[in-house]
Amino acid sequence: MPSNDRKLEIVTAVPDRAMVIFAHPDDAEIGSGGVVARWVAAGCEVTYVLCTTGDAGTADRSLTPAALAKKRADEQRAAADFMGVKHVVMLGYPDGELEDTRAFLGDVVRAIRRYRPHTVFVHDPYRIRGFQHRDHRKAGIVTTDAVYPYARDHLHFPEQITSEGLEPHKVRELWYWGMDEPDVIVDVTESIDRQVAALVRHESQVPGFNVPPGQTIGERVKRHAAELATGYGFGYGAVFRRLVARR
Ligand SMILES: [Zn+2]
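In the numbering used here, the protein residues as written are 20 to 266.
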């Protein structure tokens, strides 16, 4: 759990382009939704890169994986549209089967080179306090590698440059959510209702979001964000671990 015992840097700058790379439908809204909603409102162009179909994410035994994958893709598109996300890339890997492979790395590098984000958000793969889905770790590690050095250097995946018309791209900042120790905080007071409204677009997941009984996902998200903001002079906060590339 993040603690408030040391002051985090309050980030107010908004980049021109950002990208959210995430394992399952709904992870983006949970992980970075408040900041993305705020940045979109300020003119930032945001791209989502969804790694898996989420086709294992149900307790409903009557749903086939294919039907669930279709439903979750539709839900993710609805959430992204509502958030004002400009581009949605769906890589289509099976839920629970993300691996650190050359193909997956190449897919993430391609998305970065195509949409050229200043800032990339992803799961923190190095969290050790508490359980974390394996796909989250794999997405976090592969994204970290894709940002540096693979997307940046032209001799990695050179065919993307020679035959796909892409150029190398240097991501400036990598922001991890789900970290043990955050170092930055963003005021999401104005955007948290939009984050929650996008989250509940994932209708197939809402029953799970709302356990234990009597607690809506909105109440839980807002209570947590209010705790994070304590002492910073705003109502709701979102926290991250940030890596900044050297110039
Ligand atoms: Zn997930």
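Glycine residues also receive a C-beta, built at the ideal position from the N, C-alpha and C atoms. All figures in this text were calculated on a predicted structure; none of them were measured in a lab.
| When burial is assigned at 16 or more other CB atoms within 10 Å of the CB, is A42 buried or exposed? | So A42 counts as buried.
| Close Cβ partners of F253 (< 8 Å) along its chain, the five nearest in sequence each way excluded | Excluding residues within five positions, the ones whose Cβ falls inside 8 Å are D206 and T208.
| said: Checking 8 Å against the spacing of the C-beta atoms, do L69 and M102 come in under that value? | reply: Annotated as distal: L69 and M102, with beta-carbon spacing of 8 Å or more.
| field | Three CB pairs or more closer than 8 Å across the stretch 235-252 and the stretch 173-183 | value | No contact exists between the stretch 235-252 and the stretch 173-183.
| Backbone CA spacing between T138 and A98 [nearest angstrom] | 20 Å
| Inter-residue spacing [alpha-carbon to alpha-carbon] between C63 and V55 | 8 Å
| said: Considering only the alpha carbon of each residue, which of A264, R260, R266 and R265 lies closest to H142? | reply: R260
| Helix or strand or just coil, what does DSSP make of G111? | strand
| task | Go through the stretch 139-169 residue by residue and report every complete run of the alpha helix (DSSP H) that reaches 4 residues or more, in order. | result | The DSSP assignment places 153-164 as complete runs of the alpha helix (DSSP H) inside the stretch 139-169, in order along the chain (cut-off: 4 residues).
| task | May I have a chain-ordered list of the alpha helix (DSSP H) segments no shorter than 4 residues that lie completely inside the stretch 172-251? | result | 178-181, 211-218, 225-228 and 236-248
| message | Using 8 Å as the threshold, is the C-beta distance between D199 and E28 below it? | response | No. Outside cutoff.
| query | Does DSSP put P55 in a helix, in a strand, or in coil? | reply | Reading the sequence as shown, one finds Val at residue 55 and not Pro. Helix at V55.
| Quick one, are the C-beta atoms of A170 and V225 less than 8 Å apart? | no
| Within this structure, are the beta carbons of A37 and F140 separated by less than 8 Å? | yes
| task | Please determine, among K157, I147, R146 and K26, the residue with the shortest C-alpha to C-alpha distance to D114. | result | K157
| said: Less than 8 Å between the C-beta atoms of I131 and V161, yes or no? | reply: no
| For the candidate residues H106, L124 and L87, whose alpha-carbon lies nearest to that of G159? | Measuring from the Cα of G159, the nearest candidate turns out to be L124.
| field | Assigned exposure category for A78 - 16 Cβ within 10 Å defines buried | value | exposed
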